[in-house]
Amino acid sequence: MSVSAYTVPAPGDAAVIFDGVSKHFPASGKSDGFTALDNVSLSVGRGSITGIIGRSGAGKSTLIRLVNGLEKPTGGKVLVDGVDVGGLDEAGLRELRRSVGMIFQHFNLLSSRTVFGNVALPLEIAGMAKPAIEKRVRPLLDLVGLADKHARYPAELSGGQKQRIGIARALATEPKLLLSDEATSALDPETTQSILELLKRINADLGLTVLLITHEMEVVKAVTSDVAVIDHGRIVERGHTFDVFTHPKHETTRAMLSGLPGSKLPDAVSRALKPQAAAGDRAVVRLTFFGAAAERPLISQLIKSVGAEVNIIAGTIDEIGGRPYGSLVVAYGADAETAGRAERFFTENGLVTEVLGYVA
Amino acid sequence: MSPDILLKIWGATLDTLYMVAAAGLIGSLIGGPIGIFLATSGKGELFPAPMTNRIVGLIVNAARSTPFIILVVAIIPFTRLLTGTSIGTKAAIVPLTIATIPFVARLVEAAIREIDKGLIEAARAMGATPMQIVFKVLLAEARPALTMALTMTAVSLIGYSAMVGAVGGGGLGDLGIRYGYQRFMPDVMLVVVIVLIVLVQLVQSAGDGLARRFDRRSRKN
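Residue numbers (numbering that gives the first Met the number 0), protein chains in the order written: chain A, 0 to 359; chain B, 0 to 220.
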């Protein structure tokens with residue numbers, strides 16, 4: 000199984016290009032100097048949903064704020080639709096920001112304005128006339144399914160509804176690019192899914208490029224086509240989401256993926272796991288399969304060809320970016336003969352394997 | 000109590016209201032923008048001017064720490080310059096206004112600083128100018144707190160206005176001192192105090208009511 004090569008979007012096809020971007024916060028009074036981003040290069044394909052995932056403090060918030068100039072890089076360039084954000088003056092920045100929507104973890108809605116008023120705000124700021132605003136806001140409220148709540152105040156709405164208002168507001172100026180700053184992190188899993196569905200729909204229907212940052216692998220898995228993993232201010236891994244999920248290369252990526260349901264071993268097994276095999280031990284191996292492999296009766300074939308007992312320890316079948324994908328953790332005799340037969344079987348069937356360790 | 004005294008109490012009440020209204024209005028018109036400036040001119044804020052911010056802050060603090068009664072006496076020349084006299088209702092408005100400005104400025108600053116920084120960021124991300132952020136976001140969102148601040152200002156002014164009576168300022172305080180205290184008429188003193196209490200209650204209730212009406216943050220479904 001070969002990983003489809005990741006081709007960097009050509010400059011003309013990129014909605015956003017980070018070109019060797021660094022951001023250093025100088026030391027001030029109480030705090031030491033701090034490098035949030037270290038020579039980051041990344042392009043965001045036009046029309047894609049690109050995810051940037053990292054733990055808190057990895058630099059992703061800073062990265063997304065460079066796109067609309069809320070933060071300025073201390074090195075490198077950020078190009079949005081070919082325009083160098085760093086080269087814009089305040090007026091130019093304001094114009095750019097009107098063509099880039101943004102949604103936030105805590106929604107950032109004005110409590111003093113109704114739902115309608117909140118969605119109308121960016122249009123008022125852009126100096127649009129009242130009747131035109133009215134015409135623009137109504138369909139947006141329909142789009143996010145909150146037309147009946149137009150006269151309500153944010154405090155009367157649930158978190159998911161607030162984020163829908165946030166999305167409608169971000170779309171009001173008809174941007175080509177939507178920035179999502181941990182937009183689902185304050186929501187429960189079910190609401191998260193419905194917000195992600197909405198983002199997918201907007202991406203498909205309006206051809207809007209979405210750049211989202213998150214610390215949740217679930218979010219990346221559910222909506223993105225491309226992903227970059229950021230750690231300590233550096234991009235450590237990037238590619239099509241499917242490839243990164245099925246063949247994680249960097250330690251950080253693996254660690255983040257291990258939190259996904261189905262990827263985690265039962266505690267009893269992970270505690271007993273040893274790095275070296277002793278006589279009579281069993282090897283614990285993760286099999287990853289997709290495409291044609293997912294449709295063959297692999298387990299029964301595996302048992303036949305290994306000719307020994309095979310235990311199933313954990314497993315999951317899932318879909319990443321619309322492609323089916325399975326992960327199975329099995330254990331079988333670690334002796335050279337059994338292991339050799341198993342390996343041959345994996346190679347013949349094009350399965351990706353990873354030996355996690357050994358158990359007695 | 001003679002009708003004559005009652006009439007005097009009525010007149011003094013009107014004087015007090017006049018002083019409070021005039022000083023409150025002028026003081027807020029000057030103190031409000033200073034408060035907005037204080038809240039938005041720190042390092043990295045909307046109108047960054049940290050040095051000016053610090054200097055204005057110092058002046059405001061100095062004005063606030065000067066005891067009111069000393070302020071009244073200290074600025075008599077200035078008062079005379081503006082109003083041509085140093086006694087009476089009109090003259091009292093000057094020190095009352097001067098005292099109101101820093102008071103309002105700090106309250107307005109506090110009200111604006113309460114607003115979630117995320118809202119400012121969201122507005123910036125929409126391409127709002129700093130002025131648009133002040134008017135469409137900060138002042139709009141701070142309306143309940145600003146209403147409370149103005150209420151507090153009016154209540155304090157009612158108290159201060161009674162104090163200017165001590166230097167011939169006119170109004171209820173003046174009446175209370177001249178009749179209730181110096182002519183030893185405790186009934187007049189009592190009525191003056193009751194009128195002051197009623198005034199404060201009315202202002203406070205009106206302010207609370209308005210602030211509640213403006214506050215959309217905790218409405219029930």
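All C-beta atoms in this analysis are idealised placements derived from N, C-alpha and C, irrespective of residue type, glycine included.
Remember, it's a predicted structure, so these values are computed and weren't measured experimentally.
Q.
Using CA atoms only, rank isn't needed, just tell me which of A110/B, R112/B, F67/B is closest to A161/B.
A. F67/B
Q) CB of S160/B to nearest heavy atom of the ligand FMN: below 7 Å? A) Summarising the ligand content, the structure contains no ligands, and the ligand FMN is consequently not present.
Q | chain B residues whose Cβ lies nearer than 8 Å to that of R96/A | A | R123, A124, M125, G126
Q. For V222/A versus I48/A, is the C-beta distance shorter than 8 Å?
A. yes
Q. Going by DSSP, what residues sit across from D83/A in a beta bridge?
A. L78/A
Q: For E123/A, decide whether its Cβ has a neighbour in chain B, counting only Cβ atoms nearer than 8 Å.
A: yes
(Q) Under DSSP, the alpha helix (DSSP H) around N348/A begins and ends at which residues? (A) 335-348
Q) What are the start and end residues of the beta strand (DSSP E) that includes M101/A? A) 99-103
Q) Where does the unbroken alpha helix (DSSP H) through G158/B begin, and where does it stop? A) 142-162
(Q) Using beta carbons (cut-off 8 Å, strictly below), is L120/A in contact with chain B? (A) yes
(Q) Taking its Cβ as the centre, do 16 or more other Cβ atoms sit within 10 Å of A127/B, making it buried, or is it exposed? (A) buried
Q | Helix, strand or coil at T15/B [DSSP, three-state] | A | helix
Q | Coarse secondary structure for L259/A, derived from DSSP in three states | A | coil
Q: Could you tell me which chain A residues have their CB closer than 8 Å to the CB of L145/B, listed as they occur along the chain?
A: Going along chain A, no residue has its Cβ under 8 Å from L145/B, so there is no contact; the nearest lies around 11 Å.
Q | Residue-level contact to chain A via CB, Q200/B, 8 Å cutoff | A | no
(Q) Suppose contacts are defined by Cβ-Cβ distances below 8 Å. Is P101/B in contact with L70/B by that definition? (A) no
**Q.** Test item: CB-CB of L176/A and V309/A under 8 Å
**A.** no
**Q.** Rounded C-alpha distance that separates D225/A from G58/A
**A.** 18 Å
Q: May I ask you to report which of helix, strand or coil DSSP gives F288/A?
A: strand
Q: Quick one: residues in its chain with C-beta nearer than 8 Å to the C-beta of V192/B, no 5 flanking neighbours on either side, listed in chain order?
A: G175
Q | the region 108-119 of chain A: positions lying closer than 9 Å to chain B by Cβ | A | L108, L109, S110, S111, R112, T113
Q: Under 7 Å Cβ to Cβ from A154/A, same chain only, skipping five residues before and after it: list those, please.
A: S110
(Q) Just to confirm my understanding: we take A38/B, look at its own chain, exclude 5 residues before and 5 after, and list those with CB closer than 6 Å. What are they? (A) E108, I111, R112
Q) Does R163/A get closer than 8 Å to chain B when you measure Cβ to Cβ? A) no
Q: Determine the DSSP secondary structure at S40/A, reduced to helix, strand or coil.
A: strand
**Q.** Residues of its chain near L195/A, where Cβ-Cβ distance is below 6 Å and the 5 sequence neighbours each way are ignored
**A.** A221, V222
Q) Looking at C-alpha atoms only, which residue of V20/A, L69/A, Q104/A is the closest neighbour of D88/A? A) L69/A
**Q.** Coarse secondary structure for F213/B, derived from DSSP in three states
**A.** helix
**Q.** the region 162-173 of chain A / the region 94-102 of chain A touching (three or more Cβ pairs under 8 Å)
**A.** yes
Q: Check the Cβ-Cβ distances between H149/A and every residue of chain B, and say whether any is below 8 Å.
A: no
(Q) Going by DSSP, what residue range makes up the alpha helix (DSSP H) through S64/B? (A) 49-64
Q. Would the region 46-60 of chain B and the region 23-38 of chain B be scored as touching if the rule is three or more Cβ pairs under 8 Å?
A. yes
Q) How do the region 142-151 of chain A and the region 23-33 of chain A stand: do at least 3 beta-carbon pairs fall below 8 Å, yes or no? A) no
Q. So, is M130/B buried or exposed, given that buried needs 16 or more other C-beta atoms within 10 angstroms?
A. exposed
(Q) In chain order, what are the residue ranges of uninterrupted alpha helix (DSSP H) at least 4 long that sit wholly in the region 195-279 of chain A? (A) 216-222, 240-245, 250-256, 266-271
Q.
What does the Cβ neighbour count give for T240/A, buried or exposed, with the cut at 16 atoms within 10 Å?
A. buried
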